[in-house]
Structures are given as C-alpha cells and as structure tokens.
Amino acid sequence: MLTSMLLHTYLAAEILGPLLASFLIINSVLLLGRIIPLLDILLGFGITLPDFIRICAYITPQLFLFSLPMATMMGVIIGFTRLTNDNEIMALKTSGVGLYRMLPPVLLITLLMAACTGLFSIKLIPAGNQAMEKLLLHLAKEKIDQGLREKRFSENLGKVVLYIDRIDPRSREWHGVYVSDMRQGKMKMPTTIMAETGSLAVDVEKLSITLNLVNGNLHRTQGENSQDASFGQYTLNLPLPQHSNLQAVSSAKKNLNQTQLLQRATELGINTDKGINLLVEYHLRLALAAGCMILGLLGLPLGLLAAPGRRALGLPLGILLFVAYYVAITAGKIASESHMLPVAPAVWLPNLLFAGLAVHLLRRSAHEVTALYLDRIATLGHGFVELGRRLLPFLSSRRPRAAEPEPLHGNPHDKIFHQPGCRFYDPGISPIIFVDHHAALTAGYEPCRLCRADDRPDQQRTAL
C-alpha cells in the first residue's frame, strides 16, 4: 500500500510540473490575444489599474476552457516522455509495475482538471460575462458623466447634444437640461427637449445608458409638421461613447447558465434555429469538460512512444490530436446548427471517438504493442515540416518582389510637391521627400498643377 502511494505521488508530481508550466504559457498567449481586440475600448474609457485587473479576471474563465484541456494533455505527455527517456518506465515494468498500476494518478489528475473545466464552463464563464458587461457599462456611464461640464455643450455623444446649466457636486444631478437628439428614430423627426432636472442611469439588461428627465417640454419638427408635449418624466436612451462597442464584447447565450439555456431553448422551440443554437451551447459546455479528461488520458500512451536516443513523437502527435479534436467539435456544432444531425449526437460524437481511441492506445501500450500507424503519422508530419523548410527559401527567392513606389518630392520654397512622372519631378530642386499624398498634404504642401490634373477622376479628365 505504501509503495503504491509513493509511486502514485511520484507520477503525479512528474505530471503536475509540466502541466502547470504549460497552463501558464498557454494562458499568457491566449490572454494577450483576447486583450488586444479590447484595447480600443479600454483605452477609450481610460480605465485604472484595478479595473484592468478586474477585466482580466472576467476574461480568464473563457481562456481556461481551452487552456486546461491542452495543458492537461501536454503535462501527461511531457511527464511520461521524461520518465521513458530516463528508462524509469522500463525499470518500473521490470519491477512488476504494469501500465494499469500507473493509471490512477493520471485518472485523478485528468478528472480534477475536467471538473475545473466544467466549473469554468458552466458557472464562471456566464458570471464573468455578466460582470464584464456591468463593468463596461458603468465605465461608459462614468466617461459620459466626466465629459459633461456646466454651461458647455457635450461632444462625445454622436448626434445627441447635451447642455447642462448646473451640476450638483454631491448627487451629480443635472439642473437646467437641454437635449438635441438628431438621430431621427422611428418618428423620423429631430427632437429638442428642455427639462428642469436630469440624471444618468445604466440598464444592464438592454446594454444601454439612459437619461432620465423630469418636468420638461419636448418639441419635434419636420418641415411644416411639428409636435409639442409636456412631461413629468421622460427617458431617453443615449448612444454609448466612442470606442465602447459593448455588443462586440457580449454574447447573450454566453451569459446564461445551464438552466436558463434549457428554459430559453424550450420557449423558442427546440427545433428552431435559435433553440438549437442554445442547445448546442448547453451540450458544448458539458462536452468540453469531458473532453479534458479524454485528452489527458490520450497523453499517457503518447508519452510512452518516447525512447532513449529516439525522437520524441508524443508532443507533436498530441498537438495534432488536440487540433483534430476541436476541429471535430466545431464540425459537430456546424452539423447540428445546419439540421444535419441531432444536437446531442453531433456534439458528443467527437468525445466518443476520441475516448475509443484513448482506450485502444492504452490497451496496446499495456500489452507492449506499438501502434505503428502513430509512428508513421508522426514521421510523415516531420517529413512535411522538413520539406516545407527546404522549399520556403526557394519559393521566396522565386517570388517577384513588389515594386516599391517612388516617393514624392517637395520644394520647401513654394510648398509645392511633385509625383513621379511629372516633368517637374526633380529631387535636386525639390529635396523634401514624402511617402504619400497624405503625408505631403499634412505637412502643408500642395500638388503642382500637372500633378493635380493627373489626380482627377477619369470622368473629369475626359470632360476636359
């Protein structure tokens, strides 16, 4: 019993080291890829460091859905590859320790990682998405609020212009509010509103910021038609500030938990496109959690493919199988959304196939039977990579180089620039170099008469 505990602890330690390292590296890369598309929004809000940390915390559960399965697989492969290369697996087998006695720590680790993946997928991702929306909405509200000044017209609300006579410094309530709404919505009429007081509010469900006005008058006009009305309370949806496209950040189905997904799918109809889309999301969350365990178990026979003095095949094969798994998951998702297959079989079929492959490889490894087709696949993959390395320099040298455009030259005395082909194009007389027309115009230079004529549209030149 003690010997088995020592063996299992040792194997678990060998797996957990590379697993954690892979997890950190993969998450760092994925986090950068997720943050970069949001930089425009985040910089537009001018967020502080604590808010940035909160946003990263809300994003990370989505990354764990992919990084945990891959890190689990890589950890098992790297751990057993190291043991195989150092002849420790051979020593264990010589001592009477078979593959099935090494399996419990792998099962335990993969089961724990699958449970963590399920927790992130089912609970934390919806909660993180909802918290992300609320935070960005409140940041947008603060940006609008901070951009408003007493006795000044606003400039950051698009076609809605705000003027506030006085702002209460404590409650931030507005007094003497003037609103000009030129968006021309359903009424197709510009609107002018004057109210005694007003305030901002956030509507998280509708992803909007509203302006609540109290005691005022509303005036709409279009040509000879006009409309006047008095109100005690009026609500106006404000456009979000520039760089705050929250619809690009949020996804309605990602914010729902499992129970809500089923309820919403039932309400919409399980055979409708929207209902099927929600059911696919429901099954995907569970299937990806189970897939984490399956991929981890696949790593054990792949790690045993290594041998002293032999090229390690487990890692490239593991990456190949990981990509193939997610391609199969995506194909099943598309098949179900296209009504080609029922949702549950389409989403869970890749798990069944890869689980069968894992059991097959484990049995062959336990009976010391090498899966020759894995060696052939890996050798073929290495051959393609090597062929690509050799062909790349040859293809690059044969590719015709794109002709670099000649620069524009400007004369600093008369502030005139000439483009290539102009008869006055002389670098000696016009020594100032510009990359393109925009750079020259920005610097205050104008094209010469001939260059200006060449830049006209074909229709104008034909008319001339």
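So the sequence shown is numbered by the numbering used here: it starts at 109 and just counts up by one.
Backbone N, C-alpha and C define an ideal beta-carbon position, used for all residues, glycine too.
With contacts defined as CB atoms closer than 8 Å, S175 and L128 fail to qualify as a contacting pair. By the Cβ test, the segment 514-526 is in contact with the segment 543-562, since at least three Cβ pairs between them sit closer than 8 Å.
I402 and A439 do not touch by the CB rule: their CB atoms are close to 17 Å apart, not below 8 Å. Comparing C-alpha distances from A551 to each of I541, R560, C559 and L558 shows the shortest one belongs to I541. Here E445 has D381, I384, N385 and V388 as same chain residues with Cβ atoms under 8 Å from its own Cβ, once five neighbours each way along the sequence are excluded. In this structure T329 is exposed. Its beta-carbon is surrounded by fewer than 16 other beta-carbon atoms within 10 angstroms. The distance from the Cβ of V287 to that of L270 is about 6 Å, consistent with a contact at the 8 Å cut-off. Inter-residue distance for H475 and Y433 is about 26 Å (C-alpha atoms, whole angstroms).
Judged by DSSP secondary structure, G518 falls within the beta strand (DSSP E) whose first and last residues are L516 to N519. Per the Cβ contact rule, the segment 209-225 is in contact with the segment 111-131 (3 or more Cβ pairs under 8 Å). In the structure shown, S262 falls within a coil segment according to DSSP collapsed to helix, strand and coil.
Sorting G399, E250 and T343 by C-alpha distance to the C-alpha of L319 places T343 at the top. Annotated three-state conformation of F174 is helix, per DSSP. T367 and R471 have their C-alpha atoms roughly 39 Å apart. The continuous alpha helix (DSSP H) containing Q366 extends over residues Q366 to L376. Contact between M290 and K267 holds: CB atoms are separated by about 4 Å, below the 8 Å threshold. Only exposed fits A235, as fewer than 16 other CB atoms lie within 10 angstroms of its CB. Here G404 is actually not in contact with T189; their C-beta atoms are around 15 Å apart, not less than 8 Å.
The closest CA to that of V285, considering only P277, R278 and D273, is found on D273. Cβ-Cβ distances below 8 Å link M178 to S130, I134, L403 and F430 in the same chain, with the five nearest sequence neighbours on each side left out; the list follows chain order. Pairing I186 with L244, the inter-Cα distance amounts to about 41 Å. According to the DSSP assignment, Y286 belongs to the beta strand (DSSP E) that extends over W282 to D289.
In this structure the segment 217-229 touches the segment 390-400; the number of beta carbon pairs closer than 8 Å is three or more. With a threshold of 16 other beta carbon atoms within 10 Å, V435 falls short and is exposed. Looking at the backbone, the Cα of L191 and that of L200 are separated by about 10 Å. Going by DSSP, Q238 is part of the alpha helix (DSSP H) stretching over I233 to G255.
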